[in-house]
Amino acid sequence: MSVENHQSPGERSGAACARETGGDEGEIGQHNGGGVASAKPEGFGATVGRGMSWMLVSALGSKVVAVLAQGVLGYLLLPEHFGRFAVATAVAGLLMLCKDGGVPNFLVKRGAGEYVSLSGPSFWLSLVYNTAAAGLMAALAWPIGALLYGDSALAPMLWIMALSLPLGTPGAVLMAKLRLELRFREISLIMGFSIVLRQALTVLLALLGFQELSFAIPVACVAVFESVAAGVLCRDTPWRRGVRLDRWGEIVAQTKWLVLGSVGSFLNDWGPYMVLGYMLTKETVGYYFFSYMIISQVGMLLSHNLQVVLMPVMARMSHDTERFAGAMARSCRALMMASTFLCMGVAAVMPALEHLIWRGRWSESVVAVILMGVFYPWRIASSISAASFQAQGRFKLLSGLNWIEGLALVSMTVIGAAIEPSVRCVALAVGVTLMLNRIMSMAVLFHTSGVSIRRVFTSMSPGWLVAVAAGGFGIVADLYTPLGQWIPQILPGSWGEGLVTTVVDLARCTLSGGVYCLAFGLLARLMLAGDIREALSMMPGRVRGPVTRLLRL
């Protein structure tokens with residue numbers, strides 16, 4: 002996932018910014034163009050808190066819809082349908098290289114003062130780039146699907162997904178404008194409705210018998226929606242400002258590292274499916290993708306929304322080294338605690354939840370969900386390192402780290418699948434690699450920002466260890482408490498087997514979830530009181546007050 006960029010306003014002129022980009026590091030200048038008055042930045046916690054409040058309210062609602070949709074799709078579609086979509090998305094992501102050519106990142110980085118002059122050529126460059134990428138994808142769709150993967154069903158999916166690139170260009174540029182203006186409410190509305198629309202269309206198409214195309218068609222529909230919605234909210238028409246070919250070279254020179262870095266970032270998200278499509282059956286890939294989708298719903302809820310809010314805020318303080326370093330450390334502690342709490346909560350109830358909803362149809366994915374719950378929070382923390390590097394304009398370094406992480410992840414996926422071609426072995430290999438990758442990148446970030454590398458562990462490990470330990474208590478309680486024997490004995494004999502099974506599964510979910518929450522609350526209160534206070538400082542007052550009183554902080 003890419004992160005938009007923005008720097009402290011009013012610090013240097015556009016010419017100075019352009020001069021700074023010519024060095025060997027290929028970095029965009031450290032400050033925005035003129036035209037925006039310099040002012041004391043708003044408090045970090047207040048700005049992030051207000052932005053995250055809007056984003057989380059919208060995201061929570063949309064993620065509930067996404068989870069419900071996945072529950073329905075688990076009944077309507079087969080594992081091979083999920084597997085085909087995973088492979089098609091991986092191939093499409095590689096052929097796209099970098100959606101929009103890194104232009105939205107460039108616009109946010111250069112700042113509001115230069116938006117009017119740059120938005121026209123940026124839009125047309127992005128449209129040409131996206132159209133060329135779509136043409137390449139359309140031309141290679143059938144050879145890749147039929148000859149490379151031996152599956153002709155991949156080509157129609159790729160053709161439809163290719164349409165989303167040019168259709169989504171206006172939305173990408175206009176969303177950059179909303180981010181520049183810190184209009185998080187509008188951003189949250191667009192993102193929330195996009196997810197709801199996509200999930201609703203996917204379920205509807207699955208009901209109509211479109212099978213794996215149920216995943217692909219909504220991609221193009223959502224691209225149109227986001228472009229129209231952003232246009233209505235922005236009331237801006239960058240395509241009317243002229244092509245300005247004379248400025249394309251400047252834009253390309255400053256976005257090349259974003260393009261290259263996005264390939265590495267893509268490998269972190271979708272690279273494993275490219276090799277798993279060769280090594281495992283579509284059914285096994287589908288089981289793994291299904292488990293990844295369950296945990297990544299939590300990841301996308303926190304990570305992407307934090308990227309949208311955190312990057313422009315941190316960019317405004319990037320010139321203040323001490324304040325910037327403090328913001329990084331606080332963000333790491335708060336995000337790691339929150340993300341691991343949610344991920345391990347899903348892992349703790351997953352054995353009972355899977356049987357409650359799907360009656361064993363997706364049992365192959367249960368262990369993978371637990372393993373991903375343990376390790377995926379480290380992947381979520383990539384939003385902080387990416388936002389920090391881009392806020393400082395250090396795109397070449399970020400690009401290199403993305404490539405190292407992506408190649409390591411793909412390599413370990415191959416090794417895991419070769420050792421044992423199972424969902425759990427692949428999940429373990431991927432999870433451990435995600436954790437090691439994140440420790441490496443955060444160590445580089447902290448070191449190059451003048452912060453002790455030891456703070457990587459003191460900032461991120463405590464919350465993770467507490468949540469993993471609490472999750473273990475929840476899973477053990479489910480495994481060793483014989484509710485399946487006790488509950489049928491106390492229920493009326495007239496109840497059917499299906500109803501009894503449902504009651505048992507609900508009781509198991511309640512037990513494992515309750516034990517997990519109780520253990521996490523006690524351990525966090527004893528060991529992470531300071532971290533909880535910092536996390537609560539970024540939450541809305543209506544949430545902060547009751548939780549503070551409940552935990553007696």
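Quick note: the sequence shown, position 406, residue 407 per my numbering, numbers continuous. Using N, Cα and C, we set each Cβ at its ideal position, and we do this for glycine too. Just so we're clear, the structure is a prediction, and the values are computed from it rather than from any experiment.
Query                                                                                                           : Result
Spatially closest choice to THR434 from LEU277, MET413, VAL445, by CA coordinates                               : MET413
Supposed close pair LEU74, THR203 - CB separation, criterion 8 Å                                                : 7 Å
Proximity below 8 Å, CB of SER228 to CB of GLY169                                                               : yes
Status (buried if at least 16 other CB within 10 Å, exposed otherwise) for VAL233                               : exposed
Host alpha helix (DSSP H) of ASP506 (start-end)                                                                 : 498-528
Close beta carbons around ARG456, own chain, < 7 Å, minus the five adjacent residues each side                  : ALA330, PHE447
Residue burial classification, SER39 (beta-carbon count within 10 angstroms, cutoff 16)                         : At SER39, the pLDDT of 36 sits below 50, so the modelled position is not reliable; the number obtained from the coordinates is stated separately. Exposed, because fewer than 16 other Cβ atoms sit within 10 Å of the Cβ of SER39.
Cβ pair VAL347, VAL299 closer than 8 Å                                                                          : yes
Beta-carbon proximity check, THR238 vs PHE107, cutoff 8 Å                                                       : no
Cβ contact check for the stretch 429-445 and the stretch 456-470: 3 or more pairs under 8 Å                     : yes
Exposure of VAL117, with buried meaning 16 or more beta-carbon neighbours within 10 Å                           : exposed
Run of the alpha helix (DSSP H) containing SER266, from where it starts to where it stops                       : 249-280
Residue-level contact to chain C via CB, GLY272, 8 Å cutoff                                                     : The question asks about chain C, but that chain is absent: this structure has only one protein chain.
Proximity to LEU126 [Cα-Cα], best of PRO157, PRO167, TYR289                                                     : PRO167
Given ILE296 as reference, the closest of ARG324, VAL276, ALA369, ALA326 once Cα atoms are compared             : ALA369
Neighbour-count burial assignment, ILE491, 16 or more Cβ in a 10 Å radius                                       : exposed
For GLY30, the three-state DSSP class (helix, strand or coil)                                                   : For GLY30, the predicted model reports a pLDDT of 36, less than 50, meaning its position is unreliable; a value from the coordinates is still stated below. DSSP places GLY30 in coil when its eight states are reduced to three.
Other residues of its chain near TRP359: CB distance less than 6 Å, five sequence neighbours each side excluded : GLY75
Extent of the continuous alpha helix (DSSP H) to which ILE454 belongs                                           : No alpha helix (DSSP H) holds ILE454; DSSP gives it neither H nor E.
ARG242 in three-state terms, based on DSSP                                                                      : coil
Endpoints, alpha helix (DSSP H) assigned at ARG236                                                              : Element bounds for ARG236: n/a, residue is neither H nor E.
Contact check, PRO122 vs TRP258, beta carbons under 8 Å                                                         : no
Of the residues GLU187, LEU261, ILE476, the one placed nearest LEU354, counting alpha carbons only              : ILE476
Environment of VAL467 [buried if 16+ CB atoms lie within 10 Å]                                                  : buried
Sequence-distant residues of its chain with Cβ nearer than 7 Å to GLY278 (five each side left out)              : VAL88, TYR150, VAL286
For GLY94, the nearest candidate out of ALA113, ALA142, LEU77 (CA to CA)                                        : ALA142
Cα-Cα separation, VAL469 to ALA177                                                                              : 37 Å
C-beta contact flag for MET158 and ALA221 at 8 Å                                                                : no
Contacting residues, own chain, Cβ-Cβ under 6 Å from LEU179 (five flanking each side not counted)               : GLU187, ILE188
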